[in-house]
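**Student:** First residue of the sequence shown? That's 39 in our numbering, and the numbers climb one at a time after it. Pasting a structure below so you can have a look.
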Amino acid sequence: MSDHVMAIAVVSGTHGAHAEHLVVPAESVVRVPAGTTDVEAATLPMSGLTARMALDLLELPAGAIVAVTGAAGAVGGYAVQLAKADGYRVIADAAPKDEPLVKDLGADVVLPRGTEFPEVVRKLAPSGVEGLLDTAGVAELAKLDRLRQFTEEGRLTPRVARTLPAEQAPEAHRLLEAGGLRGRVALTF
39 MSDHVMAIAV VSGTHGAHAE HLVVPAESVV RVPAGTTDVE AATLPMSGLT
89 ARMALDLLEL PAGAIVAVTG AAGAVGGYAV QLAKADGYRV IADAAPKDEP
139 LVKDLGADVV LPRGTEFPEV VRKLAPSGVE GLLDTAGVAE LAKLDRLRQF
189 TEEGRLTPRV ARTLPAEQAP EAHRLLEAGG LRGRVALTF
């Protein structure tokens, strides 16, 4: 019997992650979180680890205020949930249609996105926030297992926007380029 596993696939040289089978170093692999489908688990490594690494780089004390831009996106949503799990107060931005989603992810305050965001944040935190995540970065694989644990504990929710068969990969890329997705596009093989 084999385990269902997930891994981070760093795109380099002649290989990417659009494959049914992929060889990765053993230390890059962890079990899929219990109660999570393979498709849901596929959203955790890249987006979840990006958010995890960005928060870790900030090295903030518990109770710090963290602003998260792009909070309705795949990385931003994980950043909100992980920041709350770390004990931070989260001020996030979202389009009006995404405010309930971002609030459900755990943001303490959800502000309209746009150029006024810094000004409104400054009104809420006059001396500034301790950290700002613009939802970008690259992750370490050792943290992937912690994402699995958080998912099993219900503190992190896999974010699937669409599931498409592998032969529709071009359509997946069109969807990504169009923007507005609230989660990851997953290809099934």
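Glycine included, every Cβ here is placed at the ideal spot set by N, Cα and C.
Gln119: buried (16+ other C-beta within 10 angstroms of its C-beta) or exposed?
**Tutor:** buried
**Student:** Give the DSSP-derived three-state secondary structure of Glu215 in the structure shown.
**Tutor:** helix
**Student:** Taking only three categories from DSSP, how would you classify Val198?
**Tutor:** strand
**Student:** Nearest to Thr79 by alpha carbon, out of Gly144, Ala112, Ala123?
**Tutor:** For the sequence presented, residue 79 should be read as Ala rather than Thr. Taking only the C-alpha atoms, the option nearest Ala79 is Ala112.
**Student:** When the Cα atoms are used, what is the spatial distance from Ala110 to Thr195?
**Tutor:** 13 Å
**Student:** Roughly how far, in whole angstroms, is the beta-carbon of Leu96 from the beta-carbon of Gly144, given that I think they are within contact range, below 8 Å?
**Tutor:** Leu96 to Gly144, Cβ: 17 Å. No contact.
**Student:** Within its chain, find whatever has a CB closer than 8 Å to the CB of Pro134; leave out the 5 residues flanking it on each side and keep chain order.
**Tutor:** Pro150
**Student:** Would the beta-carbon of Ala199 fall within 8 Å of that of Arg212?
**Tutor:** no
**Student:** Note down the Cα distance separating Asp142 from Ala57, rounded to an integer number of angstroms.
**Tutor:** 33 Å
**Student:** Where does Arg220 fall in DSSP's three states?
**Tutor:** coil
**Student:** Are the CB atoms of Met91 and Val68 nearer to each other than 8 Å?
**Tutor:** No, Cβ-Cβ distance for Met91 and Val68 is not below 8 Å.
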